[in-house]
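Protein chains in written order, with the working numbering: chain F, 48 to 159; chain W, 6 to 118.
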């Protein structure tokens, strides 16, 4: 089952614009992670934010976490055509199982 | 970090047959995870595989359909049994997660005809 939902389901922007994706989840988490997947292949880890953190940056990526609203957002600034991919949030549940539960994903298309 | 070799990368199988997917990790890990990604969908966790014990399956997945082996700390297999076209998906193995990032194999793209 999915832990959370992402919106939008699909996003199309022009190169140079910013892209924002949102993730909502249902249960208490240890951390929240964002992954990218190109063309249905293996996933690449982008960034991890812990439950006691509110914002984190990595290069052109900015992630926020609001545990009171059970939501997170991923901002990609100055997007490039190479950013075209599916983006997934994934939550590590606050239990001993170490299970990573994925959201529904956002398909991002960056037009050159 | 961890590097995972997953094979086969893709296969086309006849309905009613079984396929075994292998994942080899370059380091010893306690837990390995198997996911299914149906066409155009997100990843759904099938089961957690621990060395030396039975795999733990998520709701909707059963051992008879998806038997898992975990003979040592670097290797696991997932078998998709008695396949039907509905089993056509990408299957991925994963290690890590916890306090750090997870690492994924490149996936097995399965088509059942």
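Ideal Cβ placement from N, Cα and C applies to all residues, glycine included.
Per the C-alpha coordinates, the member of W:41, W:73, W:19 positioned closest to residue 109 of chain W is W:41.
Within chain F, the residues whose beta carbon sits less than 7 Å from that of residue 109 of chain W are 89, 90, listed in sequence order.
Judged by DSSP secondary structure, residue 100 of chain W falls within the beta strand (DSSP E) whose first and last residues are 94-101. Three or more beta-carbon pairs separated by less than 8 Å are not found between the region 74-83 of chain W and the region 127-135 of chain F, which leaves the two stretches without contact.
Straight-line measurement puts the Cα of residue 113 of chain F at about 6 Å from the Cα of residue 101 of chain F. Per the Cβ contact rule, the region 58-77 of chain W is not in contact with the region 104-112 of chain F (fewer than 3 Cβ pairs under 8 Å).
Shown here, residue 62 of chain F sits in coil according to DSSP, grouped into three states, outside any helix or strand.
Each residue's CA atom was taken as its position, placing residue 89 of chain F and residue 115 of chain F some 32 Å apart. When C-beta atoms of the region 137-155 of chain F are compared with those of the region 88-98 of chain W, fewer than three pairs fall below 8 Å, so the two segments do not count as touching. For residue 66 of chain W, same chain residues with a beta-carbon under 7 Å away, outside a window of 5 residues either side, are 51, 52 in chain order. According to the DSSP assignment, residue 15 of chain W belongs to the beta strand (DSSP E) that extends over 15-18. Residue environment for residue 51 of chain F: buried (at least 16 other C-beta atoms within 10 angstroms of its C-beta). Less than 8 Å separates the beta-carbon of residue 113 of chain W from that of residue 13 of chain W. When C-alpha distances from residue 78 of chain F are compared across F:71, F:98, F:70, F:66, the shortest belongs to F:98. For residue 80 of chain F, the C-beta contacts it makes with chain W under 7 Å involve 106, in order along the chain. Contact residues of the region 134-159 of chain F toward chain W are 135, 137, 139, 144, 145, 146, 147, 148, 149, 150, 151, 152 (C-beta to C-beta distance below 8 Å). Close CB contacts of residue 35 of chain W within its chain, under the 6 Å cut and outside five residues either way in sequence, are absent. Residues of the same chain with a CB within less than 8 Å of the CB of residue 94 of chain F, apart from the 5 flanking positions on each side, are 80, 81, 103, 105, 108, 110, 121 in chain order. Rounded to the nearest whole angstrom, the CA to CA distance from residue 84 of chain F to residue 58 of chain W is 31 Å.
The Cβ neighbour count for residue 94 of chain W, taken over all protein chains shown within 10 Å, is at least 16; the residue is labelled buried.
Secondary structure of residue 54 of chain F (DSSP, three-state): strand.
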